[in-house]
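In the numbering used here, the protein residues as written are 103 to 531.
Heads up, the beta-carbon is just placed ideally off N, CA and C, and yes, glycines get one too.
Quick caveat, the model's predicted, so the values are computed rather than measured.
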């Protein structure tokens, strides 16, 4: 018991210190954005924008997604291209659903296009299927509707607010940045703890865009076409396994200015069916961090490990006090662990207040406890993947520098489509 007291106090101080540093940087990032918004006037002219939307699988809310994108209050000109990996005639569910929507919506047909990208495994390409879809959409935009000033990207399972495109493009039009990204919320629909857990993970990753400069999330992102070409992102996406997280190193090297828009501009519902799938989804996000930015993956491991150790120590001290009637190593260490654990849990729980339709406390508080354990399992999941990733119906083998070495069909059951946030700490090969 001699070492228990200094270990407890040290873990408590380290865990709380990291949390306070995170919130300090998040608030500082918000103040920078707010100050920039107030100081910059409305743009004199709005750029020509092309929105690229990747679709996959069954999308029950696709009609609402198309309507929301169609009815943007953007003051400039914009067009939308939906991309699927195969055609409806080949059995692609998303392509079939999109055809049904466009056949009954004349206004959407005038503003929207559909492009078939082709499956990477059929074409012998070494890149993520989503990257293939994005590049096909960009080629279609440049060849058919150029010159394009801004590319905007949105995941097909999201609902966007009517001012989404205006808020995303405004920093680019005023010269505040070269790219932008927004917050993402998971709307609770079934009142499950798993839903709240997914919402906490998304909210935490949204906040991280304020903490880490250059962080982007591909589910809601815009970039100036000139910057896209200057960074040669088509080449980066043409050889990597993820779109958004492969941008960070390029962004740092070229000095790209990414503006995080701390507004909840897009929302989704959780389709993750169980805790095992949630750990797998979160592990995939951490895997991208491990591959493309290893030193930040070590920071992630350290933060999550400290939080789990703190919660275990707090439970041990409290349990020992209740059973034995005395603290195992004195009241100072015991109270330090309990207060620090309360701070860490409250820090996690605060994230739910970023979402207007938040989960009730009876669901959110247990989710705050589970979040740290799930994070530790996800870190282990990411570490055990080594350089092999199964994503949906494809398995990717990566080289050490993050380039895709091989793509093959996956024998595993496909994971239901989920809005794929960016862990902000990633970089390109």
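Rounded to the nearest angstrom, how far is the Cβ of residue i from that of residue j, given a contact under 8 Å?
{"i": "residue 182", "j": "residue 236", "result": "So it is not a contact: roughly 14 Å between Cβ atoms."}
{"i": "residue 197", "j": "residue 186", "result": "4 Å"}
{"i": "residue 266", "j": "residue 367", "result": "5 Å"}
{"i": "residue 290", "j": "residue 278", "result": "Not a contact, Cβ separation roughly 33 Å."}
{"i": "residue 435", "j": "residue 106", "result": "7 Å"}
{"i": "residue 121", "j": "residue 168", "result": "No, residue 121 and residue 168 are not in contact; Cβ-Cβ is about 41 Å, not under 8 Å."}
{"i": "residue 344", "j": "residue 506", "result": "Actually they do not touch by this definition, with Cβ atoms about 10 Å apart."}
{"i": "residue 151", "j": "residue 254", "result": "6 Å"}
{"i": "residue 478", "j": "residue 382", "result": "The pair is not a contact, with the Cβ atoms about 14 Å apart (cut-off 8 Å)."}
{"i": "residue 460", "j": "residue 466", "result": "7 Å"}
{"i": "residue 175", "j": "residue 110", "result": "No, residue 175 and residue 110 are not in contact; Cβ-Cβ is about 54 Å, not under 8 Å."}
Per DSSP, residue i is paired with what?
{"i": "residue 360", "result": "281"}
{"i": "residue 120", "result": "DSSP, once it has assigned bridges, lists no residue as partnering residue 120."}
{"i": "residue 216", "result": "184"}
{"i": "residue 152", "result": "181 and 253"}
{"i": "residue 381", "result": "Answer is none; residue 381 lacks a bridge partner."}
{"i": "residue 506", "result": "500"}
Could you compute how far the alpha carbon of residue i sits from the alpha carbon of residue j?
{"i": "residue 262", "j": "residue 341", "result": "29 Å"}
{"i": "residue 114", "j": "residue 438", "result": "7 Å"}
{"i": "residue 369", "j": "residue 260", "result": "6 Å"}
{"i": "residue 454", "j": "residue 309", "result": "11 Å"}
{"i": "residue 417", "j": "residue 431", "result": "14 Å"}
{"i": "residue 144", "j": "residue 272", "result": "8 Å"}
{"i": "residue 482", "j": "residue 433", "result": "34 Å"}
{"i": "residue 245", "j": "residue 350", "result": "27 Å"}
{"i": "residue 394", "j": "residue 425", "result": "47 Å"}
{"i": "residue 225", "j": "residue 124", "result": "43 Å"}
{"i": "residue 521", "j": "residue 312", "result": "Reliability fails at residue 521, whose pLDDT of 42 lies under 50, so the model's placement of it is uncertain and the value that follows must be treated cautiously. C-alpha separation (whole angstroms): 19 Å."}
{"i": "residue 140", "j": "residue 363", "result": "14 Å"}
{"i": "residue 337", "j": "residue 285", "result": "27 Å"}
{"i": "residue 503", "j": "residue 390", "result": "12 Å"}
{"i": "residue 512", "j": "residue 496", "result": "5 Å"}
{"i": "residue 127", "j": "residue 396", "result": "21 Å"}
{"i": "residue 359", "j": "residue 352", "result": "11 Å"}
{"i": "residue 400", "j": "residue 221", "result": "34 Å"}
{"i": "residue 377", "j": "residue 212", "result": "42 Å"}
{"i": "residue 269", "j": "residue 228", "result": "34 Å"}
{"i": "residue 112", "j": "residue 138", "result": "39 Å"}
{"i": "residue 355", "j": "residue 398", "result": "17 Å"}
{"i": "residue 189", "j": "residue 248", "result": "25 Å"}
{"i": "residue 199", "j": "residue 142", "result": "41 Å"}
{"i": "residue 330", "j": "residue 177", "result": "23 Å"}
{"i": "residue 194", "j": "residue 294", "result": "31 Å"}
{"i": "residue 173", "j": "residue 238", "result": "24 Å"}
{"i": "residue 333", "j": "residue 327", "result": "10 Å"}
{"i": "residue 223", "j": "residue 476", "result": "32 Å"}
{"i": "residue 490", "j": "residue 287", "result": "29 Å"}
{"i": "residue 116", "j": "residue 487", "result": "29 Å"}
{"i": "residue 276", "j": "residue 415", "result": "50 Å"}
{"i": "residue 509", "j": "residue 501", "result": "12 Å"}
{"i": "residue 474", "j": "residue 375", "result": "19 Å"}
{"i": "residue 210", "j": "residue 242", "result": "18 Å"}
{"i": "residue 274", "j": "residue 258", "result": "23 Å"}
{"i": "residue 85", "j": "residue 164", "result": "With the chain covering 103 to 531 only, the question about residue 85 has no answer from this structure."}
I'd like to check one pair, residue j with residue i: are the Cβ atoms closer than 9 Å?
{"i": "residue 457", "j": "residue 317", "result": "no"}
{"i": "residue 149", "j": "residue 217", "result": "no"}
{"i": "residue 372", "j": "residue 301", "result": "yes"}
{"i": "residue 280", "j": "residue 321", "result": "no"}
{"i": "residue 325", "j": "residue 282", "result": "yes"}
{"i": "residue 480", "j": "residue 385", "result": "yes"}
{"i": "residue 339", "j": "residue 443", "result": "no"}
{"i": "residue 446", "j": "residue 118", "result": "yes"}
{"i": "residue 499", "j": "residue 135", "result": "no"}
Give the DSSP-derived three-state secondary structure of residue i in the structure shown.
{"i": "residue 287", "result": "strand"}
{"i": "residue 527", "result": "Any reading at residue 527 must be qualified, since the residue scores a pLDDT of 37, below 50, and its modelled position is unreliable; the value itself is stated next. The answer is coil: DSSP assigns residue 527 none of H, G, I, E or B."}
{"i": "residue 374", "result": "coil"}
{"i": "residue 367", "result": "strand"}
{"i": "residue 493", "result": "strand"}
{"i": "residue 265", "result": "coil"}
{"i": "residue 142", "result": "coil"}
{"i": "residue 500", "result": "strand"}
{"i": "residue 511", "result": "strand"}
{"i": "residue 322", "result": "strand"}
{"i": "residue 254", "result": "strand"}
{"i": "residue 457", "result": "coil"}
{"i": "residue 344", "result": "coil"}
{"i": "residue 115", "result": "helix"}
{"i": "residue 174", "result": "coil"}
{"i": "residue 432", "result": "coil"}
{"i": "residue 259", "result": "coil"}
{"i": "residue 160", "result": "coil"}
{"i": "residue 481", "result": "helix"}
Can you check whether the C-beta of residue i is within less than 9 Å of a C-beta belonging to chain D?
{"i": "residue 328", "result": "Checking the listed chains, one finds no chain D in this structure; it contains a single protein chain."}
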